[in-house]
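Numbering (full-length UniProt numbering), first residue to last: 1 to 239. Think of the CB as a built atom: it goes at the ideal place given N, C-alpha and C, for glycine as much as any other residue.
1) Distance, Cα to Cα, residue 90 vs residue 108?
2) Which residues mark the beginning and the end of the alpha helix (DSSP H) in which residue 35 is found?
3) Once you ignore the five residues that flank residue 243 on each side, which residues in its own chain have a CB closer than 8 Å to its CB?
4) Using only alpha-carbon positions, find the residue among 112, 149, 128, 219 that is nearest to residue 165.
5) Under DSSP, the alpha helix (DSSP H) around residue 87 begins and ends at which residues?
6) Quick one: what does DSSP say residue 210 is sitting in, helix, strand or coil?
7) Say whether the stretch 64-72 touches the stretch 12-25, bearing in mind that this needs 3 or more beta-carbon pairs closer than 8 Å, one atom from each stretch.
8) Am I right that residue 115 and residue 57 are in contact with their C-beta atoms under 8 Å? What's the rounded C-beta distance?
9) Quick one: measure Cβ to Cβ for residue 99 and residue 53, integer angstroms, because I've assumed they're closer than 8 Å.
10) Suppose the cutoff is 7 Å on Cβ atoms and the five residues either side in sequence are ignored; what does the same chain contact list for residue 168 look like?
11) Within the continuous beta strand (DSSP E) that includes residue 116, where are the two ends?
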């Protein structure tokens, strides 16, 4: 996501002259640390989007220490430069600097708890097209407390909401290094499970056999009902 021209072309809109995209490569350790210190350099009023947040603020990596992200020169220098003094202040007071901060991760439990505690809300979503073919391009979203993983029903705020993706958005950015888009690895289609297909096939065959036998019984009953009772009595009398 590094081209204003690509965004304008995809959306068929002209962006303001002051619009800018600052794309940060986060493949290396130093690059990740630079992104973690975004509050040192991000312009005030910027929308900050951190992808793969678990790699930027890891929960279990022992060498990650929030104090290593403190503003150079300490709190006094930060005040003079109108910047947050540390990571905690940056996230707790981001609105003071007119920042909007969004963190994306495939697993929120891998994100450092100090970051999760500062978040206002979390959203867990999963693709529905992998599970149900007729739901392709749709996903379900659950709002939950950032301090839990959102997987339990008790974690959810309200009821899940369903959304449909806008194909136009995919034209505004390159989601992978190769440029090929892939849906998230949510629940897999039930039709890809051989056991499920086997059970469904057996159920269908059983229903067909049952229907065949039921029709046969029904036809025999109709044949018996067609016999005239007077014919039966006359046969008995003759005997």
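Reading off the structure:
1) 20 Å
2) 29-36
3) The structure shown has nothing for residue 243, since the chain only spans 1 to 239.
4) 128
5) Looking at the DSSP string, the run of the alpha helix (DSSP H) that includes residue 87 is 87-92.
6) Looking at residue 210 - three-state DSSP - the assignment turns out to be helix.
7) no
8) 5 Å
9) Not a contact, Cβ separation roughly 15 Å.
10) 10, 11
11) It is not in any beta strand (DSSP E) - residue 116 instead sits in the alpha helix (DSSP H) that spans 113-118.
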